[in-house]
Each structure stands twice: as structure tokens, then as C-alpha cells.
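Working notes for the structure below.
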Amino acid sequence: RTTMPRYTVHVRGEWLAVPCQDAQLTVGWLGREAVRRYSKYREPEKYIALDGDSLTTEDLVSLGKGHYKIKLTPTAEKKVQNSREVIESIVKEKTVVYGITTGFGKFARTVIPVSKLEELQVNLVRSHSSGVGKPLIPERCRMLLALRVNVLAKGYSGISLETLKQVIEVFNASCLPYVPEKGTVGASGDLAPLSHLALGLIGEGKMWSPKSGWADAKYVLAAHGLKPIVLKPKEGLALINGTQMITSLGCEAVERASAIARQADIVASLTLEVLKGTTKAFDTDIHAVRPHRGQVEVAFRFRSLLDSDHHPSEIAESHRFCDRVQDAYTLRCCPQIHGVVNDTIAFAKNIITTEINSATDNPMVFASRGETVSGGNFHGEYPAKALDYLAIGVHELAAISERRIERLCNPSLSELPAFLVAEGGLNSGFMIAHCTAAALVSENKALCHPSSVDSLSTSAATEDHVSMGGWAARKALRVIEHVEQVLAIELLAACQGIEFLRPLKTTTPLEKVYDLVRSVVRPWIKDRFMAPDIEAAHRLLIEQKVWEVAAPYIEKYRMEHIPESRPVSPTAFSLEFLHKKSTKLPESEDL
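Residues in the sequence shown are numbered consecutively from 15, following our numbering.
Put into C-alpha cells, the structure is as follows:
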């Protein structure tokens, strides 16, 4: 039992945070949660080398999840050193350069004495730490910190190698500053959130680590054997000027969008089977004459999952010779609708990938020229527009999914029991689950209004056009989460529909998907608390379990180049038949 500073306690050589309300209190017991967190945390052993040029969205998301530590490449270290030499020369020669020897924004013409240049940088970080709202979750704060390191590694920001290595040590220890999610207008960069990030690095504000939880930043740093960063001229500005808040959240958005778009094809395929739809609409010839990449790929996925000659389906055989010739748009047009979503994601990912490997500071330090140049690379219009477009595109997956849920629940459309439950009336089944899907789709329609069409003049009209990219990124993530939840409901509804078609079985890959769902959600015999089941299905989609089950079958189908079988369609006639019909002489009774 030892009296410790507020919020911290020293145990077995480690600092841990506890909810002490008074610095004079004696801490006798950490509590189960602190001990659990302390004992289960394992530092990653592998590294990703950052050079400012080759980071991928997948890598950044993995860094956010704590799978890797980071380090600089030798080339990056050299570039950082070269750019710092330019800054030191400017300070030594007392040259007037924005943000180094002058104030910021409206105060750009105010020259700062050399003796106060370090104070200038600290004041910048403190004053700009003005965000509000909930803090970023640890995964997103890790992405933000790692991405800022990657941009600084390009060697155009003027930060010292010593300081940058301190930042890397903080990341590798998973010491994460308190960064409120609201407050950026997306130009000049994401000043407020990045200032909060820098505030923790200098030992002020709050900070979190897996071992300590939330505590004063200086104590969390000390708990990991780290010291607060002492900012040199230009370094405060180097840490806070850029689009990394928009772009780090954008990385998560494009990766989650890509994951749910792939799985949407699987869920829709299962629904088509339950509704006894036809696969004719996925014929290669149809898509060859309108060869949008996404459309062609989605049609292929449907064929790979539904080709009953390759994967025999008793459900498909049960209605092969029915009189239905085509399905509703929500089934028949999946390649066209899901396809453009895939192409939209690819477009957004291309912009985000460029952005995460771009220098977005101001002024830029060009060591090869020995000078700094003021510009506007901090403006977040590129990622803002891309993420607005991403939200609009991905939303359509939920819009069409909700309509398929309606078809599953409506007995006049599905030929299944109303709301997919026995003893309707006594039981309500999926009635309100469908309402939840409709509510999420409606909310998405409002969220899809582009934030980047708005702009407000700030900083005394010096920064008179902004991107509002921070809101574009945050609402894109909300839209994607809603899409995941709607598709989770459709997945549950489709699996429940299969219960009413038993003992018939669907194709092998779709049976595997059904088995996966049933491993976490049992069939509905009568009404029960449904929210946990929706969350369980949502978790399967977030973790890409549905894709993992189906992907091997899709790729095997691709590798085997299986030719399509084309059984006779009720609306298909041979040319020979048509010719005979047109030349046949009428009989007397036909007249």
C-alpha cells in the first residue's frame, strides 16, 4: 500500500491507472479490470517500416489494431535529417519564414524573437487543442499517430530525427493521447485533432495505454519509460498541420466498405436462393456487353456461388422449370447496383492511398533547394470529396438490402410464412427487424448529404475556404456501420427463410454460410430477444467471417475457368425455331 499521484499506481515496476479521486488517497487494490488489462496485453513483435511513400490502407488499419510496431527506413531517416538542416539554417540566419519565425494564420506577419521560437511551438499546440466530443477509440488514435509519422518520414516537414523517433517510441508503447473526434474543418489540415495528438506527446492532457488506461499524459509516458517531447522551432507546426484525421478515418472507411461490399454479394445470393430466383441475369454475355469492372466481378461472384451445375442445389432444382422468367430488380440488377459500389470504393481507395503517402504540411521544406515554400497541400478537399462519394455509393448496399428483406418477410412476394415465423400473430418474427433496417436506411439518406459542399470562412478570412472533411470521414463510417447492420438483418432473414425450405439444400458455399450463421444464431421457432442475434451477425460481417467461408469457393471457381451451362429459358428460342414459325403456312382453321 503506497500513496501515489492522482490516477496512477506503481505495481511490480509498472505504472497503472486507477480511478482515484484524491491524490492523497491510499490505493490498496487495482480492481479486476485493471489486472485483466495488464495481464492480457501483448506488445506486437513485427514491424512495418515507414518511408512516406508506400503505406497501404490495409497496413494502416493493421497498425490501428495494434498488430505491428513501426520504424523508419534508412532513406527516410536521411530525408528527415536533410530537411531539419534547412530549418536550423533559417533559425540561425533569423530568416522570416511562416510558422518558424512568425505567428500563424492572421498573425503570419508577426515576427517572433529567436528566444521565443520554442515557446511559440508549445503555445501553438496548446491553443489549437480545442476539440470537443468523445475521444477517438484506441484503434483510430493509433492510425492517426502512425499516419502522421508516415507523412513526417517523407522529409518535407522539418521535424528533427530525434523528435520523430520519440514519436515512434510513443506509438510502439501504444501511448495514445486524448483526441476529441470533433473540431476539424479540414483546412488548414486537421489542426484541432492533431494538436490534441501533439499535446499528449509533450506530456500534457490525458493519455491512454493498454497497461494504464486513462491518466495524465506525463504519468502514462513515465510508466513506459518515456519522456515528454521538447519542441524545437517548427516542430509544433510539423506535428499538427495535415489531413491525417480525415485520411486515417478514411482508410478505415474504405477497408470496411470493401469488406461489406464483397459480403453483400454473398448475402444477396443467399436471399436469391431463398426466393427461388433465376441466375439467368448473371450470364457472362450480358455483362460482356456492358463491361464495367465492378459489374462483371459481382456477376462472377453470383455465378460462383449459385451455379447449380458446379454446386448442386436442391432448392434450384425444385423450381428449374417454373413459369417465372425474371426477378425483381433487387435480385436481377445486383451486378449493376453492387457493381458500381465496388467501383466507387476503388475510386475512393485510390485517392486515400495517394493522400496517406503525401506531404500535407505548410510551409514545405525542400532540402534539395535549401528553402521552404508555402502552399496549400493541407487542404482536405481530395479526401473529403472521395469520402462523401464513398458514403453515397456504399449506402446503396443498404437500400437494396432493405428491399430484399421486405421480399423475404412479405408472404405475397416470398411464398414463405409472414415475417419468417410460424404461428404468425402469436409471433411477430422479423417484423420489427425489418423496421430497424428501414430506419437505418432512412438515416443514411440524411448522412449521405455531402459535407464537402459546405464551407465556412475561418481565421479572420485567412482560411476562407475549408473542406469539412472531418465530418465527411466520420459520417462515412456511420453510413458503413448502418450498411453492415442492415445486411446482418438480411443475412439472418435469409437463413431463417431456408428453414422453411428444408429438407432441400442450397449450394455448398451457401450451405457453409448458413452453417456459419447457425454457429452463433439458432433458428427462430418462436419470438425471442432479437437484438443480440443481429449484433452476432453484424460481428460476423465486421470480422469478414462470411467472406472467409465463401471466398475459397469463389476463387476455386475462378481458377478452374468453369464454362457456363445455359439450360433452356422459358423466354429463349432458337433461330431455327423462329424461322420455322415465320415460314409456316396457316391451316384453314387458323384462318
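Here a beta-carbon is modelled for each residue, glycine too, at the ideal position from N, C-alpha and C. Please read all numbers here as calculations on a predicted model, not as lab measurements.
Closest residue to residue i among the options (Cα-Cα distance)
{"i": "Pro-71", "options": "Gln-510, Gly-389, Thr-368 and Ala-231", "result": "It should be pointed out that residue 71 corresponds to Thr in this sequence rather than to Pro. That would be Thr-368, whose Cα lies nearest to the Cα of Thr-71."}
{"i": "Lys-79", "options": "Glu-132, Pro-566, Ser-188 and Asp-67", "result": "Ser-188"}
{"i": "Glu-495", "options": "Ala-271, Glu-331, Gly-394 and Ala-160", "result": "Ala-271"}
{"i": "Ser-141", "options": "Glu-153, Phe-118 and Gly-353", "result": "Phe-118"}
{"i": "Thr-87", "options": "Val-110, Ile-62 and Ile-104", "result": "Ile-62"}
{"i": "Val-110", "options": "Gly-239, Val-387 and Ile-243", "result": "Val-387"}
{"i": "Ile-104", "options": "Pro-194, Pro-247 and Phe-121", "result": "Pro-247"}
{"i": "Lys-459", "options": "Lys-489, Val-527 and Ala-436", "result": "Lys-489"}
{"i": "Gln-135", "options": "Arg-315, Ile-243 and Ser-226", "result": "Ile-243"}
{"i": "Tyr-403", "options": "Glu-562, Glu-420 and Val-493", "result": "Val-493"}
{"i": "Arg-421", "options": "His-448, Asp-230, Ala-398 and Gly-439", "result": "His-448"}
{"i": "Ala-398", "options": "Ser-469, Leu-430, Ser-382 and Asn-441", "result": "Ser-469"}
{"i": "Asn-255", "options": "Val-500, Ala-302, Trp-228 and Gly-200", "result": "Gly-200"}
{"i": "Thr-89", "options": "Phe-433, Leu-175, Pro-305 and Ile-365", "result": "Leu-175"}
{"i": "Gly-438", "options": "Trp-538, Ala-236, His-301 and Arg-317", "result": "Trp-538"}
{"i": "Arg-338", "options": "Glu-410, Thr-293 and Arg-532", "result": "Thr-293"}
{"i": "Leu-454", "options": "Met-482, Ala-432, Ala-486 and Glu-498", "result": "Glu-498"}
{"i": "Val-288", "options": "Glu-557, Leu-430, Val-534 and Ala-451", "result": "Leu-430"}
{"i": "Lys-196", "options": "Lys-179, Cys-423, Ser-143 and Asp-230", "result": "Ser-143"}
{"i": "Gly-390", "options": "Asp-478, Leu-319 and Asp-321", "result": "Asp-478"}
{"i": "Glu-91", "options": "Ala-236, Leu-64, Ser-456 and Arg-56", "result": "Leu-64"}
{"i": "Asp-67", "options": "Arg-154, Val-139, Ala-122 and Asn-164", "result": "Asn-164"}
Helix, strand or coil at residue i [DSSP, three-state]
{"i": "Trp-561", "result": "helix"}
{"i": "Ile-280", "result": "helix"}
{"i": "Met-259", "result": "helix"}
{"i": "Ala-551", "result": "helix"}
{"i": "Leu-319", "result": "helix"}
{"i": "Ala-187", "result": "coil"}
{"i": "Lys-157", "result": "The question names Lys, yet the displayed sequence has Met at residue 157. It is helical."}
{"i": "Lys-220", "result": "strand"}
{"i": "Phe-335", "result": "coil"}
{"i": "Met-378", "result": "strand"}
{"i": "Glu-57", "result": "coil"}
{"i": "Thr-472", "result": "strand"}
{"i": "Glu-477", "result": "strand"}
Heavy atom of the ligand FMN within 6 Å of residue i beta-carbon
{"i": "Leu-178", "result": "Absent from the structure shown: the ligand FMN. Ligands present: none."}
Supposed close pair residue i, residue j - CB separation, criterion 8 Å
{"i": "Thr-198", "j": "Gly-484", "result": "4 Å"}
{"i": "Ile-84", "j": "Leu-77", "result": "7 Å"}
{"i": "Val-355", "j": "Val-435", "result": "Not really, about 31 Å apart at Cβ, beyond 8 Å."}
{"i": "Ile-414", "j": "Thr-358", "result": "Contact flag wrong, Cβ pair sits at about 14 Å."}
{"i": "Arg-315", "j": "Asp-279", "result": "4 Å"}
{"i": "Leu-606", "j": "Ala-412", "result": "In the structure as shown, the chain starts at 15 and stops at 605, and residue 606 therefore has no counterpart that could be examined."}
{"i": "Ala-362", "j": "Val-467", "result": "That pair is no contact at about 17 Å."}
{"i": "His-210", "j": "Pro-191", "result": "6 Å"}
{"i": "Gly-239", "j": "Pro-194", "result": "Actually they do not touch by this definition, with Cβ atoms about 28 Å apart."}
{"i": "Leu-284", "j": "Val-527", "result": "6 Å"}
{"i": "Thr-115", "j": "Lys-108", "result": "7 Å"}
{"i": "Leu-319", "j": "Leu-524", "result": "6 Å"}
Identified DSSP bridge partners for residue i
{"i": "Leu-86", "result": "Leu-64"}
{"i": "Gly-438", "result": "Asn-441"}
{"i": "Trp-228", "result": "Trp-222"}
{"i": "Pro-464", "result": "According to DSSP, Pro-464 bridges with nothing at all."}
{"i": "Val-125", "result": "Thr-116"}
{"i": "Lys-196", "result": "Val-146"}
{"i": "Glu-385", "result": "Phe-380"}
Proximity test, Cβ basis, 7 Å: residue i and chain C
{"i": "Leu-159", "result": "Note that chain C does not occur in the displayed structure, where there is just one protein chain."}
Determine, using beta-carbon pairs with one atom in the segment 501 to 517 and one in the segment 216 to 231, whether at least three such pairs fall under 8 Å.
-> Taking 8 Å as the limit for Cβ pairs, the verdict is that the segment 216 to 231 does not touch the segment 501 to 517.
The segment 348 to 364 / the segment 303 to 320 touching (three or more Cβ pairs under 8 Å) | yes
Report yes or no: do the segment 251 to 265 and the segment 372 to 381 share at least 3 C-beta pairs separated by less than 8 Å?
-> yes
Validate contact between the segment 150 to 170 and the segment 89 to 98 using beta carbons, cut 8 Å, 3 pairs | yes
Sufficient close CB pairs (3 or more, under 8 Å) joining the segment 518 to 527 to the segment 325 to 336 | yes
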